[in-house]
Structures are given as structure tokens and as C-alpha cells.
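Q: Same order as they appear, the protein sequences are chains L and B. With the first letter of the first sequence counted as 1, position 3 gets the number 3 in full-length UniProt numbering; the numbers rise by one all the way through. With the first letter of the second sequence counted as 1, position 74 gets the number 74 in full-length UniProt numbering; the numbers rise by one all the way through. Even for Gly, the Cβ is constructed at its ideal location relative to N, Cα and C. A quick note: this is a predicted structure, and the numbers were derived from the prediction, not measured.
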Amino acid sequence: MIIQIVLLAVAAVLLLLFIRNWNSVQTRALKRLAFLGFIIIVVIAVLRPDWVDWLAHKVGVGRGTDLVLYALAIAFVFVSVNTYFRLKTQEARFTELARAIAVRDATEVNAERFGVRQR
Amino acid sequence: MQTAEPPGAAGTSEFDDVWVVIPVYNEASVIAGVVDGLLPTFPHVVCVDDGSRDDSADRIFHTGAHLVSHPVNLGQGAALQTGLEYALLHEDAQYFVTFDADGQHRVEDAAELVRAVKDGDADVALGSRFLGDTEQVPWLKRVLLKAVASLSPAARRLQLTDAHNGLRVLNRAAASQLKITMNGMAHASEIVDYLARSELEVTEVPVTVLYTDYSKAKGQSLINGVNILFDLSLRSRRPS
């Protein structure tokens with residue numbers, strides 16, 4: 001029971017840290033390491049299902065498949081948050097670009113409009 | 001930067017140093033009327049067409065307002081920021097009014113807000129539906145807006161009675177520091193937040209909002225509040 005609370009707390013703290021520094025150099029490195037680690041764990045889980053069961057019993061989450069499911073859920077949250085921030089950053093750059101174009105064109109067009117059609 | 005004067009701007013008026021910024025998205029049926037209502041009082045109006053699919057841009061083109069066109073739809077917050085940046089390019093512009101395109105604001109209220117900044121100590125004046133007679137506001141909106149104003153820490157710090165009014169006046173210092181990053185509807189809260197963190201003096205001025213059938217139909221749905229809260233809650237942690 002206690003181990004479950006600890007696991008959840010660790011996941012929450014990691015997520016918060018991630019949200020704060022989602023794109024720092026360290027976080028980017030960590031993301032890549034986590035991805036590698038994830039692949040290795042997947043390979044182990046496929047080859048040695050009983051090891052996953054053993055680990056699941058150790059941390060108190062019942063069956064090995066449950067443990068895998070929880071890990072996936074947490075990974076999914078991280079991926080979602082990462083994608084959200086990535087899109088937001090993209091959107092900010094895109095907005096800057098569109099704004100620059102809009103203002104540049106408008107300066108020209110309005111000068112022409114009010115210069116020529118002045119009453 | 002020098003831009004030629006729009007028609008009707010000849011001569012000097014009390015509001016020669018004021019620029020009115022109107023974000024426009026699919027408002028073809030009303031926008032020309034709104035601009036024509038403003039121009040006699042405020043000679044400088046800039047409409048930011050936010051990629052409208054109707055002929056809003058064309059309607060604006062045939063008024064005396066400056067037209068800035070987003071090449072794609074970006075959202076009201078983005079349009080406001082674009083309009084402010086465009087207006088700031090004009091060196092004689094000292095006061096900046098944000099005004100809704102749907103005709104819900106009154107020109108005389110805008111003038112009142114400008115005077116509050118020009119003649120008073122305030123750097124920023126915000127319109128409030130709740131300082132004067134509040135009967136005009138539909139009751140559900142009244143309850144909700146009151147709740148937002150009293151729940152938002154920023155609005156509380158500034159002692160605002162209305163946190164989501166589109167009618168605002170900023171002086172040059174306030175306008176040039178403002179950087180709206182929330183492209184969508186969350187910009188209203190973002191602006192209040194920015195004001196609360198800044199050293200700027202903020203005042204509220206009672207205004208009347210004209211809830212016409214048109215502006216009611218165009219207004220924000222209440223469910224959009226969920227989107228706004230979500231965007232804002234993740235915002236402050238995002239590095240720029």
C-alpha cells in the first residue's frame with residue numbers, strides 16, 4: 001500500500017518537474033534516455049514475463065500486466081504533455097511569422113489607401 | 001514610421017493621439033457600422049481581420065480604418081497583439097483602445113476611458129459592467145463574471161469588478177510592455193494577470209455593454225471557460 005503511494009508521488013513530482021523544464025538540455029537528454037530505457041524494459045518484459053511479475057509483487061501492484069499498464073499510462077501522460085508544449089511553441093513561432101507578414105503588408109496597403117484616396 | 005492620414009482624420013481633435021484596435025473575425029454584417037461610429041470621435045482605427053471567411057476584410061477596406069489582415073486565423077488574442085504592434089509603429093500614438101467588433105461597446109464609453117488615463121494617474125483603464133447599473137447584464141453571465149473576478153488572484157489584487165471586458169485603454173508604456181501570448185480567448189485573463197504583476201496603475205470605469213441579439217449570438221459560450229482555465233493553468237510554467 002505504502003509503495004503505491006510512493007510510486008504515485010514520484011510520478012506526480014516527475015511530471016511537475018517535467019512541466020517546468022520540459023525542454024531544457026537536461027530534460028531533452030532525460031527524454032532520450034527514458035526512451036532507450038523504455039525499449040530495454042519492453043524487450044525484457046517480452047523475453048522474461050516472470051521478471052515483470054516478480055517486480056510487480058515487489059512494488060505491490062499485483063500482476064505483471066498491471067504494472068505494464070500503469071507504466072504505459074504514465075508514459076502516455078508524459079508524451080501528451082510533451083506534445084502539448086511542443087505544439088504551443090510551434091504555435092507561438094507561427095503566430096510571430098504570420099504577424100510579421102500581416103504588419104508588413106498592412107503598412108504598405110494602408111499607406112497606399114490613405115495616400116491616394118485622401119479627401 | 002510615417003503613414004498617411006485616413007480620410008476624415010484631417011485637423012486635430014481631442015483624440016488625435018489615440019488608436020482604436022479592433023480584432024475582427026467574421027463580422028461582415030456589423031463591422032463597417034462599428035468603424036463608422038468610431039471614426040468621428042477617434043480618427044485612428046485599426047481593424048485586424050483574423051482570417052475571416054466572410055467579406056469582413058472587404059468591408060473594412062471601404063471604411064476609413066486601417067486594415068491589417070492575418071494570413072490565417074490565429075485567434076482574438078493574437079489579433080489584439082497584432083493590432084497593438086501595428087498601432088505602436090505610429091510614433092504619435094500615445095493611447096491604445098481595445099474595442100470589440102460586434103458593436104457591444106459604446107463610443108462614448110471608450111472616450112470616457114481615454115479621459116480617465118489622459119487626465120488621471122492611471123496607465124490603464126478597464127471597462128466594467130458592474131460599477132454602474134448592472135441590470136443590463138443577463139443574470140447567468142452576471143453571476144459567472146462576478147465569480148471569475150472574485151476568484152482570480154490577479155483580478156482580486158487589482159480589485160476589479162469585471163475581469164473579462166473587451167473595452168480597455170492602455171497608455172504607450174503599458175501597451176509596449178504587453179505581450180499577449182494566449183492566441184485564443186484566454187488573453188483577457190492574461191492581460192489582467194500582466195497588469196497585476198506590473199507596476200502600472202489600473203483603474204476601472206463603468207461602461208454599458210449593449211447586449212444585442214447579434215452580440216449575444218457571437219459572445220463566448222460559457223463552456224469555453226473550461227478551455228481558458230486549462231490554457232492558463234499550464235501557461236506560467238512554460239518557458240518562452
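(1) Which two residues bound the contiguous alpha helix (DSSP H) that contains V43(L)?
(2) Using a Cβ cut-off of 8 Å (strictly closer), state whether E91(B) contacts chain L.
(3) So, helix, strand or coil for N110(L), using DSSP?
(4) At a CB-CB cut-off below 9 Å, which residues of chain L make contact with A149(B)?
(5) Here's the rule: buried if 16 or more other CB atoms are within 10 angstroms of the residue's CB, otherwise exposed. What is F38(L)?
(6) Taking the alpha carbon of N183(B) as the reference point, which residue from R63(L), A92(L), L30(L) and V68(L) has its own alpha carbon closest?
(7) In whole angstroms, what separates the C-alpha of A79(B) from that of V114(B)?
(8) Span of the beta strand (DSSP E) holding F42(B)?
(9) Any C-beta of chain L sitting closer than 8 Å to the C-beta of P138(B)?
(10) Would you verify that the beta carbon of D53(L) is, or is not, closer than 8 Å to some beta carbon of chain B?
(11) If you reduce the DSSP assignment to three classes, tell me which class E27(B) lands in.
(12) Can you give me the C-alpha to C-alpha distance between L140(B) and G77(B), rounded to a whole angstrom?
(13) Are L167(B) and A110(B) touching if we call contact CB-CB under 8 Å?
(14) List in chain order: all unbroken beta strand (DSSP E) runs of 3+ residues lying wholly within the UniProt domain "Glycosyltransferase 2-like" (20-175) of chain B.
(15) Mind listing the chain B neighbours of R86(L)? Cutoff is C-beta to C-beta under 7 Å, in chain order.
(16) If you reduce the DSSP assignment to three classes, tell me which class V209(B) lands in.
(17) Can you tell me where the alpha helix (DSSP H) with R197(B) in it begins and where it stops?
(18) Quickly, what does DSSP pair T203(B) with across the bridge? List them, please.
(19) Closer than 9 Å between beta carbons: that is the criterion. Which residues of the region 11-37 of chain L meet it against chain B?
(20) Leaving aside the five residues before and after I228(B) along the sequence, list all residues of the same chain whose C-beta is less than 6 Å from its C-beta, in chain order.
(21) Answer with buried or exposed for W51(L), where buried requires no fewer than 16 other C-beta atoms within 10 angstroms of its C-beta.
(22) With 8 Å set as the bound, which would you pick, yes or no: does the beta-carbon of R99(L) sit closer than that to a beta-carbon of chain B?
(23) Count the C-beta pairs between the region 15-30 of chain B and the region 101-108 of chain L that are closer than 8 Å, then say yes if the count reaches three, no if not.
A: Once the coordinates are examined:
(1) For V43(L), the enclosing alpha helix (DSSP H) starts and ends at V25 to L47.
(2) When Cβ-Cβ separations below 8 Å define contact, E91(B) makes no contact with chain L.
(3) In this structure, DSSP gives N110(L) a helical state, which the three-state scheme calls helix.
(4) Under the 9 Å cutoff, chain L gives no residues; its nearest Cβ is about 27 Å from A149(B).
(5) Flag for F38(L) reads exposed.
(6) Of the listed residues, the one whose Cα sits closest to N183(B) is A92(L).
(7) In this structure, the straight-line span from the alpha carbon of A79(B) to that of V114(B) is close to 21 Å.
(8) Neither: F42(B) is in no beta strand (DSSP E) and is coded neither H nor E.
(9) No, P138(B) lies away from the interface with chain L (no Cβ there is under 8 Å from its Cβ).
(10) Using beta-carbon distances, D53(L) does not count as an interface residue toward chain B, since no partner is under 8 Å.
(11) In this structure, E27(B) counts as coil in the three-state DSSP scheme.
(12) Those two C-alpha atoms are separated by around 24 Å.
(13) Yes.
(14) Assignment of beta strand (DSSP E) within the UniProt domain "Glycosyltransferase 2-like" (20-175) of chain B, counting only whole runs of 3 or more residues, yields 44-49, 66-69, 95-98, 124-128 and 168-171 in chain order.
(15) In chain order: nothing, as chain B lies at least about 11 Å away.
(16) When DSSP states are grouped into helix, strand and coil, V209(B) belongs to the coil group.
(17) Residues H187 to R197.
(18) According to DSSP, which records beta bridges pairwise, T203(B) is partnered with A125(B).
(19) So the close ones are L16, I19, R20, N21, W22, N23 and S24.
(20) Only residues of its own chain outside the window of five on either side were considered, and among them M185 and A186 have a CB closer than 6 Å to the CB of I228(B), listed in chain order.
(21) Label assigned to W51(L): exposed.
(22) Cβ-Cβ to chain B under 8 Å: yes for R99(L).
(23) The region 15-30 of chain B, when compared against the region 101-108 of chain L, does not touch it at the 8 Å Cβ threshold.
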